[in-house]
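Asker: Starting off with a structure, shown below.
Chains as they are written, first to last, in my numbering: chain A, 6 to 316; chain B, 511 to 746.
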């Protein structure tokens with residue numbers, strides 16, 4: 006659906022985005038993560054045809070942002086980071102204006118506006134000027150604006166910023182709901198947001214993609230190996246060597262050897278395998294007592310920190 | 511191009527939702543009204559020659575004031591990002607905004623018809639220069655506004671937009687006032703470029719295609735440049 010290929014965006018000599026490529030399939034909700042200034046917003050501005058790429062191309066459903074910009078813009082709903090709105094208009098007039106610009110047929114405009122007002126919970130604010138709305142309501146108006154033409158693709162730049170915790174939960178579940186039928190890219194630096202809404206995360210740092218995968222994949226070791234923490238009540242040497250021969254185990258390291266309380270082994274698995282079953286069987290065969298066997302799950306925070314840390 | 515309509519409507523409403531429209535119209539009517547009453551009742555002339563004489567000068571200030579916010583403001587507040595990511599061409603955006611400024615100019619000139627009616631009722635009016643004068647005013651104002659639209663497309667500061675637009679229209683305004691400084695072979699081409707020269711032709715009641723072509727080409731050129739300037743952010 007969205008195909009970003011070798012996208013580079015230069016500001017002067019500096020590359021805000023440096024040769025990034027990734028694809029998003031229909032129905033995916035992709036979290037676009039990165040520290041401030043990593044290139045998230047720039048990438049989104051290229052996808053939405055606000056700026057052209059310096060090199061490379063982005064195609065949306067086969068249409069290129071360079072060649073068929075109008076087609077691309079028709080398919081996309083966009084919530085920019087600063088969420089610009091016309092302060093002197095009231096909510097209804099603003100949504101009507103957008104629906105006209107979006108070419109929604111006249112007879113469907115009223116219904117679409119009502120639907121957006123319901124979904125985004127704007128019922129009480131309809132006739133208030135946008136400049137009088139709180140940040141949370143402005144954000145809802147921005148979302149309503151982005152979705153009013155029922156676009157196939159939603160590009161949301163920091164959609165939950167400035168919302169209170171209840172609204173955050175609501176908007177997230179709204180995005181999740183929409184994501185069943187639509188393709189969504191949302192940028193954020195709130196990691197729990199990705200956890201809560203996205204099936205996949207693309208992490209960008211200094212204009213380059215440093216990780217791309219499902220959350221489960223990202224939580225593996227950087228090379229894709231699962232880490233298993235094993236505690237045994239056992240005496241004697243050669244335990245680590247024996248463990249090393251178990252199917253699916255790549256590397257074994259013993260830490261905190263304490264024969265009375267249990268010995269602790271850190272086991273790196275082969276790429277893509279989970280050898281816990283084999284370890285359990287091997288332990289029984291060898292007569293060891295297992296007091297702990299746990300696959301380590303790295304938190305997204307750890308993953309993020311590790312990937313975007315500067316040396 | 512059907513997208514011009516919503517943009518036109520919003521822009522015109524924005525004029526009347528803010529003080530701009532009221533301030534511009536009121537002050538314009540005060541200025542022209544003063545010249546009209548002094549001339550009509552004191553000198554007792556049954557025409558609007560003095561009013562039509564002063565308006566090109568007042569346009570120097572009023573038209574940049576009308577156009578300065580057109581594009582600058584949206585660039586400043588960021589709503590331009592919303593607008594240019596809608597499925598609308600840059601030409602449609604510029605055209606819609608420009609037409610709204612033209613409508614405001616129309617609303618500004620319209621009340622001066624009261625002067626024309628007064629003249630027609632009280633004196634012996636020659637309709638030719640009167641009709642020509644209004645057509646000329648609209649054409650000339652339309653050209654000033656197109657230049658102002660271009661000026662507004664250059665910057666996100668309304669003040670800068672005003673000054674740049676004022677300077678540009680002032681140059682076109684000045685051209686036929688400095689003809690005596692020029693070598694003789696330059697006089698005719700420079701005079702043709704002068705904005706008020708063509709107005710004077712039309713306001714004599716003679717509608718010549720050369721004058722109309724002048725204004726229309728100036729408008730198209732200025733709006734083309736405005737659209738290019740809006741599209742400049744799309745340059746890699």
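Where a beta carbon is used, it is the ideal one built from N, C-alpha and C, also for glycine.
Remember, predicted model here, so these are calculated numbers, not experimental data.
#1: According to DSSP, which residues form a beta bridge with residue 583/B?
#2: For residue 674/B, which residues of its own chain have a beta-carbon under 8 Å away from its beta-carbon, when the five flanking residues on both sides are left out?
#3: Assuming residue 604/B contacts residue 593/B (C-beta within less than 8 Å), just tell me the rounded distance between them.
#4: Please tell me whether residue 576/B and residue 614/B are closer than 8 Å, where the distance is taken between their beta carbons.
#5: Look at the Cβ atom of residue 721/B, then the Cβ atom of residue 729/B, and state whether they are nearer than 8 Å.
#6: May I have the straight-line CA-CA distance separating residue 89/A from residue 136/A, to the nearest angstrom?
#7: Using a Cβ-Cβ cutoff of less than 7 Å, which residues in the same chain neighbour residue 188/A once the five nearest sequence positions on both sides are dropped?
#8: Here's the rule: buried if 16 or more other CB atoms are within 10 angstroms of the residue's CB, otherwise exposed. What is residue 727/B?
#9: Just the C-alpha distance for residue 296/A and residue 222/A, rounded to the nearest angstrom, thanks.
#10: Tell me whether the region 205-216 of chain A and the region 33-48 of chain A touch, counting them as touching only if at least three CB pairs, one residue from each stretch, are closer than 8 Å.
#11: From residue 63/A to residue 84/A, what distance separates their C-alpha atoms?
#12: In whole angstroms, give me the CA-to-CA distance for residue 566/B and residue 560/B.
#13: Relative to the C-alpha of residue 24/A, which candidate in 200/A, 59/A, 142/A and 52/A has its C-alpha closest?
#14: Note down, in chain order, each residue of its chain lying with its Cβ closer than 8 Å to the Cβ of residue 641/B, except the 5 sequence neighbours on either side.
#15: Following the continuous beta strand (DSSP E) through residue 16/A, name the residue where it begins and the one where it ends.
#16: Could you list which residues in chain B have their beta carbon closer than 8 Å to that of residue 55/A, in chain order?
#17: Would the beta-carbon of residue 671/B fall within 8 Å of that of residue 705/B?
#18: Starting from residue 112/A, find everything on chain E with Cβ-Cβ shorter than 9 Å and list it in chain order.
#19: Decide if residue 16/A is buried, meaning its Cβ has at least 16 other Cβ atoms within 10 Å, or exposed.
#20: Quick one: is residue 65/A buried, meaning 16 or more other Cβ sit within 10 Å of its Cβ, or exposed?
#21: When you compare only the Cα positions, how much space is there between residue 205/A and residue 677/B?
#22: Using a cut-off of 7 Å between C-beta atoms, extract the partners of residue 89/A located in chain B.
#23: Step through the CB atoms of chain B and report whether any lies within less than 8 Å of the CB of residue 143/A.
#24: Out of 259/A, 202/A and 128/A, which has the shortest C-alpha to C-alpha gap to residue 178/A?
#25: Could you confirm whether any beta carbon from chain B is found closer than 8 Å to the beta carbon of residue 93/A?
#26: May I ask you to list the residues that DSSP assigns as paired with residue 294/A?
#27: Measuring straight from C-alpha to C-alpha, what distance separates residue 526/B and residue 94/A?
#28: Does chain A have any CB closer than 8 Å to the CB of residue 520/B?
#29: Which one of 539/B, 735/B, 529/B and 522/B has the shortest CA to CA distance from residue 624/B?
#30: In terms of residue numbering, what span does the alpha helix (DSSP H) encompassing residue 141/A cover?
#31: Look up residue 64/A in the DSSP assignment and say whether it is helix, strand or coil.
#32: How far does the alpha helix (DSSP H) with residue 590/B in it reach, from first residue to last?
#33: What residue ranges within the region 619-651 of chain B form continuous alpha helix (DSSP H) runs of no fewer than 4 residues, ordered along the chain?
#34: Can you give the Cα-Cα distance for residue 738/B and residue 278/A, rounded to whole angstroms?
#35: Given a threshold of 16 other Cβ atoms within 10 Å of its Cβ, counted over all protein chains shown, does residue 687/B qualify as buried or as exposed?
#36: According to DSSP, simplified to helix, strand and coil, what is residue 55/A?
Answerer: Let me spell this out:
#1: What you label residue 583/B is simply residue 73 of the second chain in a count that begins at 1. Paired residue(s): none; residue 583/B is not in a bridge.
#2: By 1-based counting over the second chain, the position of residue 674/B is 164. These residues qualify, in order along the chain: 661, 664 and 665.
#3: The residue you call residue 604/B lines up with position 94 of the second chain. The residue you call residue 593/B lines up with position 83 of the second chain. About 11 Å; that fails the 8 Å criterion.
#4: The residue labelled residue 576/B in the question sits at position 66 within the second chain. The residue labelled residue 614/B in the question sits at position 104 within the second chain. Yes, they are a contact pair.
#5: Against the second chain, residue 721/B aligns to sequence position 211. Against the second chain, residue 729/B aligns to sequence position 219. Their beta carbons are not under 8 Å apart, which means residue 721/B does not touch residue 729/B by this criterion.
#6: On the first chain, position 84 is the one that residue 89/A refers to. On the first chain, position 131 is the one that residue 136/A refers to. One C-alpha to the other measures close to 11 Å.
#7: The residue labelled residue 188/A in the question sits at position 183 within the first chain. Taken in chain order, the residues that qualify are 6, 7, 29, 31, 32, 33, 157 and 158.
#8: As a first step, residue 727/B must be located in the second chain, where it is residue number 217. Label assigned to residue 727/B: exposed.
#9: The residue you call residue 296/A lines up with position 291 of the first chain. The residue you call residue 222/A lines up with position 217 of the first chain. Rounded to the nearest angstrom, the two C-alpha atoms are 27 Å apart.
#10: yes
#11: Residue 63/A sits at position 58 when you count from the first residue of the first chain. Residue 84/A sits at position 79 when you count from the first residue of the first chain. Approximately 18 Å, taken between the alpha carbons.
#12: Working through the second chain from its first residue, we reach residue 566/B at position 56. Working through the second chain from its first residue, we reach residue 560/B at position 50. In a straight line, the C-alpha of residue 566/B is about 11 Å away from that of residue 560/B.
#13: Walking along the first chain from the start, residue 24/A turns up at place 19. Comparing Cα-Cα distances from residue 24/A to each of 200/A, 59/A, 142/A and 52/A, the minimum goes to 59/A.
#14: On the second chain, residue 641/B is found 131 positions in, with the first residue counted as 1. Contacts found: 715.
#15: Locating residue 16/A in the first chain gives position 11, counting from the first residue. It spans 7-16 - the beta strand (DSSP E) in which residue 16/A sits, taken as one unbroken run.
#16: Walking along the first chain from the start, residue 55/A turns up at place 50. Per Cβ cutoff of 8 Å: 591, 594, 595 and 743.
#17: Along the second chain, read from residue 1 onward, the residue named residue 671/B stands at position 161. Along the second chain, read from residue 1 onward, the residue named residue 705/B stands at position 195. Taking 8 Å as the Cβ cut-off, residue 671/B and residue 705/B do not qualify as a contacting pair.
#18: Although the question refers to chain E, the structure presented lacks it and instead comprises the protein chains A and B.
#19: To locate residue 16/A, count along the first chain from 1; it is residue 11. With fewer than 16 other Cβ atoms within 10 Å, it is exposed.
#20: Here the question's residue 65/A lines up with position 60 in the first chain. Under this definition residue 65/A is a buried residue.
#21: Taking the first chain and counting its residues from 1, the one referred to as residue 205/A is at position 200. Taking the second chain and counting its residues from 1, the one referred to as residue 677/B is at position 167. The straight-line gap from Cα to Cα measures roughly 55 Å.
#22: Residue mapping note: residue 89/A aligns to position 84 of the first chain, counting from 1. Chain B residues near residue 89/A: 587, 588, 589, 591 and 592.
#23: Taking the first chain and counting its residues from 1, one reaches residue 143/A at position 138. Contacts with chain B at 8 Å (Cβ-Cβ) do not include residue 143/A.
#24: Counting from 1 along the first chain, the entry for residue 178/A is found at position 173. Minimum Cα distance to residue 178/A is reached at 202/A.
#25: Counting from 1 along the first chain, the entry for residue 93/A is found at position 88. So, interface residue.
#26: Along the first chain, one-based indexing puts residue 294/A at 289. Bridge partners of residue 294/A: 238/A.
#27: Counting from 1 along the second chain, the entry for residue 526/B is found at position 16. Counting from 1 along the first chain, the entry for residue 94/A is found at position 89. Roughly 12 Å between the two C-alpha positions.
#28: The residue given as residue 520/B occupies position 10 in the second chain. Taking Cβ atoms only, chain A reaches closer than 8 Å to residue 520/B, which makes this a yes.
#29: Here the question's residue 624/B lines up with position 114 in the second chain. The residue with the shortest Cα to Cα distance from residue 624/B is 539/B.
#30: In the first chain, the residue the question calls residue 141/A occupies position 136. Start and end: 140-152.
#31: As a first step, residue 64/A must be located in the first chain, where it is residue number 59. Correct three-state label for residue 64/A: strand.
#32: Translated into the one-based positions of the second chain, residue 590/B becomes position 80. Segment 589-594, the alpha helix (DSSP H) holding residue 590/B.
#33: 623-632
#34: For the purposes of this step, residue 738/B is identified with residue 228 of the second chain, where counting begins at 1. For the purposes of this step, residue 278/A is identified with residue 273 of the first chain, where counting begins at 1. Across the structure, residue 738/B and residue 278/A are spaced so that their CA atoms are roughly 57 Å apart.
#35: The sequence position of residue 687/B within the second chain is 177, counting from 1. Under this definition residue 687/B is an exposed residue.
#36: As a first step, residue 55/A is located in the first chain; it is residue number 50 there, counting from the start. Here residue 55/A sits in coil by DSSP.
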